[in-house]
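*Asks:*
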Amino acid sequence: MIDINAIREQFPVLHQEVNGHPLVYFDNAATSQKPQRVIDALLHYYRFDNSNIHRGVHTLADRATEGFEDTRKLLARFINAAESEEVIFTKGTTEGINLVAQSFGRSMLRQGDEVIISAMEHHSNIVPWQMICQEKGAVLKVIPVSPEGELLMDEYARQLSPKTRMVSIVHVSNTLGTVNPVKKITEMAHEAGAKVLIDAAQSVGHLPLDVQEIDCDFLVFSAHKIYGPTGVGVLYGKRAELEAIPPYQGGGSMIRDVHFEKTTYNDIPYKFEAGTPTIGEVVAFKPAIEFINELGKPAIHAHEDQLFRRAMEGLKAIPGVQLVGTPAEASGIVSFLLENTHLFDTGMLLDARGIAVRTGHHCTQPLMELYGIEGTCRASFAVYNTVEEVDYFLESVEKITSR
Amino acid sequence: MKPEINEIQEEIIEEFSLLENDMESTIFYIMEMGSKLPPLEEKYKVEENIVKGCQSKVWLVSGFENGKVIFKADSNTEITKGLISMLIRIWNERAPEEILDSELYFVERIGMRKVVGSQRSNGFASMIRQMKLYALAYKNLPV
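Protein chains in written order, with UniProt numbering: chain C, 1 to 403; chain Y, 1 to 143.
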């Protein structure tokens, strides 16, 4: 069991009123709040250690480098990577996918090859593949989604072929909360000879996740959705896969020797970390992971799942509420619409009561098209949310529907 | 005799002051004002009448009768409909010059920025701009 009050104490932002009501922050799928230790680490870095990394011989450079590389080591253990060199720092999930799409795509995709994504992907896992497929004359295939919001695995099986080079799939849908069977998806892709990228942005902070168990070739996520700073993310890649693809950008630590005739590239992970990264943010990412580790993913998941189930059951019981996506396996995210109120008005009315939810298409426009809707209201939970907050949210929704 | 533009603005400010900055009551009040807007015929709800720059859909049509600009509008969301209903309350059936010369100070005075948030207030600015553009077009009509 987790001590919810002790957890909430660590998040200064939660202790405020919004529009005269205590803040209820249910927009965690967009970004999570930060515990004091993350804020402190960021301040400490800029106050005492600020220096560029991997080059300097002076004390501050040492401290900065050590802080940066400590986060990498911790992250490798966090996702159970075989070695810390398999953890590449990026700006975030989106940059990670773009990196793979460009580097893998440029070197491995040929005319007529196929890339498979799904109908529930975020724009970040659609557009980079569209771009590279167009450039290379490759074909982008889309696994359809059932009305409940689940991937049609039979269709996926039919789409796989010797032409498939890459399968890039979201682990947990940011709109529907669907948990996709990524281990199975990976196994099937590998049988067809394809590589696999998993978008773990919505899962890595909430569900147990082990890259070696999934056996995916690449996996991406962002720090800011798991209690860490913005502007930092991770691309995990198996060593062999990372070594097989070319650098994405040039300059900085990615270089070993530069001559005008020829440049040789550094080893992984540096090969993919061009320029000066967001050092302070990477350093401050470590206490975010420590926060999760202290609580333990199973405890976090159990708590969030309780909130999720209560919200789902509560919404189902309110007349005039339409749930969008009711997959059998779901995690931490509920999407809904009200019969008598436009989603933007719902969002504003909830905000008037201090409740922050997301309204809109959640950057999954093709999915919205599929359901024939403009968008949804989305409540997404984090470990610091409480049962009382869910009840207040349900009571507020009921008030809006019954007006 | 139709009240002056500023008289109506003062009326609106007065009405909002009764809500004592309570956000929920304020939004409900805006929605209620929208519900009193005469319905817009379906034939006008077309792409070309949509006000650009609004997150919600706002259809705005205008006419010019006896030297006065006539506005009609609707929206797919109740809050936005309430917002445009206020503009119509102030500017409907006025000479183009009156519209163009007026300054909408009620927006600041009722704390609209806070009520509607930045995304919506941009949309609100688009509604104001579009209505002024119509007024300008009628003002410049060849006699």
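By construction, the Cβ of each residue, glycine as well, lies at the ideal position given by its N, Cα and C atoms. Note that the structure is a prediction, hence the values are computed from the model and not measured.
Ignore the nearest five residues each way along the sequence and tell me which others in Y278/C's own chain have a CB closer than 6 Å to its CB.
*Replies:* Reading the first sequence from its first residue, position 278 is the one you call residue 278/C. Residue 278/C is actually Thr in this sequence, not Tyr. The residues are G231, V232.
*Asks:* Compare the C-beta of residue 405/C with all C-beta atoms of chain Y and state if any pair is closer than 8 Å.
*Replies:* No information on residue 405/C is available, as it lies outside the stretch 1 to 403 that chain C covers here.
*Asks:* With a threshold of 8 Å between beta carbons, is F291/C in contact with chain Y?
*Replies:* As a first step, residue 291/C is located in the first sequence; it is residue number 291 there, counting from the start. For F291/C, the answer is no, since every Cβ of chain Y falls outside 8 Å of its Cβ.
*Asks:* Can you grab the Cα-Cα spacing for the pair N340/C / I90/Y, in whole Å?
*Replies:* In the first sequence, residue 340/C corresponds to position 340, counting from 1. In the second sequence, residue 90/Y corresponds to position 90, counting from 1. Straight-line Cα distance between these residues: approximately 28 Å.
*Asks:* Just tell me which of Y156/C, V172/C, R309/C, P208/C has its CA closest to the CA of E187/C.
*Replies:* Numbered from its first residue, the first sequence carries residue 187/C at position 187. E187/C has its Cα closest to that of Y156/C, out of Y156/C, V172/C, R309/C, P208/C.
*Asks:* What are the start and end residues of each continuous beta strand (DSSP E) run of 3 or more residues lying completely inside the segment 95–159 of chain C, in chain order?
*Replies:* 114–118, 139–143
*Asks:* With a threshold of 8 Å on Cβ separation, who are the neighbours of T59/C within its own chain once the five nearest residues in sequence on each side are excluded?
*Replies:* Within the first sequence, residue 59/C is the residue found at index 59, counting from 1. When the five nearest sequence neighbours on each side are left out, no beta carbon in the same chain lies closer than 8 Å to the beta carbon of T59/C.
*Asks:* List, in chain order, every chain C residue whose beta-carbon is nearer than 7 Å to that of I27/Y.
*Replies:* Counted from its first residue, the second sequence places residue 27/Y at position 27. Within chain C, the residues near I27/Y are M348, L349, A352.
*Asks:* Cβ closer than 9 Å: which chain C residues qualify as neighbours of D22/Y?
*Replies:* Reading the second sequence from its first residue, position 22 is the one you call residue 22/Y. Within 9 Å Cβ-Cβ: N19, G20, A352.
*Asks:* Locate the alpha helix (DSSP H) running through V211/C, then write down its first and last residues.
*Replies:* In the first sequence, residue 211/C corresponds to position 211, counting from 1. Taken as a continuous stretch (DSSP letters only), the alpha helix (DSSP H) holding V211/C covers 211–214.
*Asks:* Restricting to runs no shorter than 3 residues, where is the beta strand (DSSP E) found entirely within the segment 198–245 of chain C?
*Replies:* 218–222, 233–237
*Asks:* Contact between the segment 304–312 of chain C and the segment 57–71 of chain C is defined here as three or more beta-carbon pairs at a separation below 8 Å; is this criterion met?
*Replies:* no
*Asks:* Where do the ends of the alpha helix (DSSP H) carrying F291/C lie?
*Replies:* Position 291 of the first sequence, counted from the start, is the residue given in the question as residue 291/C. F291/C -> alpha helix (DSSP H) spans 279–295.
*Asks:* Please list the segments of the alpha helix (DSSP H) lying wholly inside the segment 25–93 of chain C, counting only runs of 4 or more residues, in order along the chain.
*Replies:* 36–44, 59–78
*Asks:* CB A81/C to CB Y248/C, shorter than 8 Å?
*Replies:* In the first sequence, counting from the first residue as 1, residue 81/C sits at position 81. In the first sequence, counting from the first residue as 1, residue 248/C sits at position 248. No, the Cβ-Cβ distance between A81/C and Y248/C is not below 8 Å.
*Asks:* If you check the beta carbons only, do N125/C and F381/C fall under 8 Å apart?
*Replies:* Locating residue 125/C in the first sequence gives position 125, where the first residue counts as 1. Locating residue 381/C in the first sequence gives position 381, where the first residue counts as 1. No, they are not a contact pair.
*Asks:* What does E78/Y touch in chain C if you count any residue whose Cβ is under 8 Å from its own?
*Replies:* Position 78 of the second sequence, counted from the first residue, corresponds to residue 78/Y. Ordered by position in chain C, the residues that pass the 8 Å Cβ test against E78/Y are T341, H342, D345.
*Asks:* Would a C-beta distance cut-off of 8 Å place L206/C and G296/C closer than the cut-off?
*Replies:* Numbered from 1 along the first sequence, position 206 holds the residue referred to as residue 206/C. Numbered from 1 along the first sequence, position 296 holds the residue referred to as residue 296/C. One point to set straight first is that residue 206/C is His, not Leu, in the sequence displayed. It is not a contact, given that the beta carbons lie outside the stated cut-off.
*Asks:* Answer yes or no: does any C-beta atom of chain C fall closer than 8 Å to that of Q130/Y?
*Replies:* Along the second sequence, read from residue 1 onward, the residue named residue 130/Y stands at position 130. By this cut-off, Q130/Y is not an interface position.
*Asks:* Using the Cβ count rule (16 or more neighbours within 10 Å means buried), how would you classify G177/C?
*Replies:* Looking up residue 177/C in the first sequence gives position 177. With 16 or more other Cβ atoms within 10 Å, it is buried.
*Asks:* Going straight from the alpha carbon of E281/C to that of D49/C, what length do you get?
*Replies:* On the first sequence, residue 281/C is found 281 positions in, with the first residue counted as 1. On the first sequence, residue 49/C is found 49 positions in, with the first residue counted as 1. The alpha-carbon atoms of E281/C and D49/C are separated by roughly 12 Å.
*Asks:* Using a 10 Å radius around the Cβ and a threshold of 16 neighbouring Cβ atoms, would you call A328/C buried or exposed?
*Replies:* Start at 1 with the first residue of the first sequence, and residue 328/C comes out as number 328. Exposed.
*Asks:* Of all the CB atoms in chain C, is at least one closer than 8 Å to the CB of Q55/Y?
*Replies:* For the purposes of this step, residue 55/Y is taken as the residue at position 55 of the second sequence. So, interface residue.
*Asks:* Would you kindly work out how many angstroms separate the C-alpha atoms of Y270/C and T359/C, rounded to a whole number?
*Replies:* The residue you call residue 270/C lines up with position 270 of the first sequence. The residue you call residue 359/C lines up with position 359 of the first sequence. Going from the Cα of Y270/C to the Cα of T359/C covers about 39 Å.
*Asks:* Would you check if the segment 361–381 of chain C and the segment 118–138 of chain C touch, i.e. whether three or more CB-CB distances between them fall below 8 Å?
*Replies:* When C-beta atoms of the segment 118–138 of chain C are compared with those of the segment 361–381 of chain C, three or more pairs fall below 8 Å, so the two segments count as touching.
*Asks:* When burial is assigned at 16 or more other CB atoms within 10 Å of the CB, is L136/Y buried or exposed?
*Replies:* In the second sequence, residue 136/Y corresponds to position 136, counting from 1. Exposed.
*Asks:* Note down, in chain order, each residue of its chain lying with its Cβ closer than 7 Å to the Cβ of I122/Y, except the 5 sequence neighbours on either side.
*Replies:* For the purposes of this step, residue 122/Y is identified with residue 122 of the second sequence, where counting begins at 1. The amino acid occupying residue 122/Y in the given sequence is Asn; Ile does not appear at that position. Counting only Cβ-Cβ distances below 7 Å, and skipping sequence neighbours, we find G53.
*Asks:* Which residue from I226/C, L42/C, I7/C puts its Cα closest to that of F68/C?
*Replies:* The residue you call residue 68/C lines up with position 68 of the first sequence. Residue L42/C is the option with its Cα nearest to F68/C.
*Asks:* Given a threshold of 16 other Cβ atoms within 10 Å of its Cβ, counted over all protein chains shown, does V258/C qualify as buried or as exposed?
*Replies:* Sequence index remark: in the first sequence, residue 258/C carries index 258 (1-based). Label assigned to V258/C: exposed.
*Asks:* Buried or exposed for N180/C, please, with buried defined as at least 16 other CB atoms from any protein chain shown within 10 angstroms of its CB.
*Replies:* Stepping through the first sequence from its first residue, residue 180/C is reached at position 180. So N180/C ends up on the buried side.
*Asks:* Are the segment 137–152 of chain C and the segment 351–358 of chain C in contact at 8 Å, needing three or more beta carbon pairs?
*Replies:* no
*Asks:* Return yes when the Cβ of M166/C is within less than 8 Å of the Cβ of F221/C, no when it is not.
*Replies:* As a position in the first sequence, residue 221/C is number 221, starting the count at 1. As a position in the first sequence, residue 166/C is number 166, starting the count at 1. No, these two residues do not count as a Cβ contact at 8 Å.
*Asks:* Can you tell me whether Y44/Y is helix, strand or coil according to DSSP?
*Replies:* Taking the first residue of the second sequence as 1, we reach residue 44/Y at position 44. Helix at Y44/Y.
*Asks:* Does the beta-carbon distance from M31/Y to G20/C come in below 8 Å?
*Replies:* Taking the first residue of the second sequence as position 1, residue 31/Y is located at position 31. Taking the first residue of the first sequence as position 1, residue 20/C is located at position 20. It is not a contact, given that the beta carbons lie outside the stated cut-off.
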